[in-house]
Amino acid sequence: METVVVKVGGSAITWKSKVKAARVDAVKAIARELRKASSKARILLVHGAGSFGHPIARRYGITTSSGGAHGVAETRLSLLELSYMLLKELNEAGVKATLLSPMALMVARRGRIDKIFTEPIARLLDHGIMPVLHGDVVSDLEAGFTVVSGDQIACRLAVELKASRVVFGVDVDGVLDERGGVVRELSLSRLSEYSMQQKAPDVTGGMAGKLMEAKAALEAGIPVVVGNAVKPGVLSKMICGEPVRCTLVTL
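Using the working numbering, the letters of the sequence shown correspond one by one to residues 15 to 265.
The structure is reproduced here in structure tokens:
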């Protein structure tokens, strides 16, 4: 059974205009989609922080400095609230899932993952359990602490675990062109062009961040798809590699 890394964006599971506001119906729908796809793929789930992480991290300046111990603690506490809510919905939907903390599995250097311990993740997958991770505040060998996005984590883990594909589930139908239409296929050579068109409203880069992080997976020969995690039937089809309206990102 193939391994698929799924990154569900904070925009899909939280209301980013409000602090710590979850899109409960969307979370439930995503849990059902993951349950549907879990019979056909080994899924590693990474979720974004959305309104549970970005406002607090920005307030304490964790993206640009250590932010202080209190800022680290408060940001992670808020992130865990979202993670446990998602975990609860997954298990209620029939998904055997458990949470792993990126802070305990990796360290960064200048905001980039420097070292990562993947064996606990691989073991869970081998035993039919869905690992759930999230964008996180992690120790940085030079900055003290830094925010490592779920996008970076997802693509790095895809490479480390030799995944079949990376699925970015967002709140739009894919990468959009200047007219708002969906770009159905996007090559690596055009990533920078579309990255510049996508605004980055949060501390981890928004759609532009996803596209730039996708390079690591693409260069390892792993295809990337970007599509709507909220619309019924879309996420499960992207995970299983079935035809659906989305953006396929390739070399």
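The beta carbon of each residue, even a glycine, is placed where N, CA and C say it ideally should be. These numbers were taken from a predicted model, which means no experiment stands behind them.
**Report entry** Bounding residues of the beta strand (DSSP E) (the contiguous stretch that carries ASP150)
**Finding:** 150 to 154
Query raised in the report: When the Cα atoms are used, what is the spatial distance from SER79 to GLU156?
Result: Low confidence applies here, because SER79 scores a pLDDT of 48, under 50, leaving its location unreliable; read the following figure in that light. Spanning the two alpha carbons is a distance of roughly 10 Å.
**Report entry** Span separating the alpha-carbon of PRO134 from that of ASP140
**Finding:** 10 Å
Query raised in the report: Would you call GLU227 buried or exposed, if buried means 16 or more other Cβ atoms sit within 10 Å of its Cβ?
Result: buried
**Report entry** Whole beta strand (DSSP E) elements within the region 178 to 259, 3-residue minimum
**Finding:** 179 to 184, 199 to 201, 238 to 242
Query raised in the report: Leaving out five residues before and five after VAL41 in sequence, what residues of the same chain have Cβ atoms less than 8 Å from its Cβ?
Result: ILE27, MET99, LEU100, GLU103
Query raised in the report: Candidates SER53, LEU249, VAL263, VAL248: which alpha carbon is nearest LEU225's?
Result: VAL263
Query raised in the report: How many angstroms separate the CA atom of GLY194 from the CA atom of PRO237?
Result: 23 Å
**Report entry** Cut-off 6 Å between Cβ atoms - residues of its own chain near PRO145, not counting five sequence neighbours on either side
**Finding:** LEU58, LEU114, ILE135, LEU138
Report task. Assign LEU113 to one of three DSSP states: helix, strand, or coil. Result -> strand
Query raised in the report: Can you tell me where the beta strand (DSSP E) with LEU59 in it begins and where it stops?
Result: 56 to 61
Query - LYS245 to MET252 span [Cα, whole Å] - result: 12 Å
Report task. Identify the continuous beta strand (DSSP E) that holds VAL4 and give its terminal residues. Result -> Only positions 15 to 265 of the chain appear in this structure, which leaves residue 4 out of reach.
Query - Three-state secondary structure assigned by DSSP to ILE143 - result: coil
Report task. Would you mind working out which of THR17, ALA111, ALA43, ARG170 sits nearest VAL121, comparing C-alpha positions? Result -> ARG170
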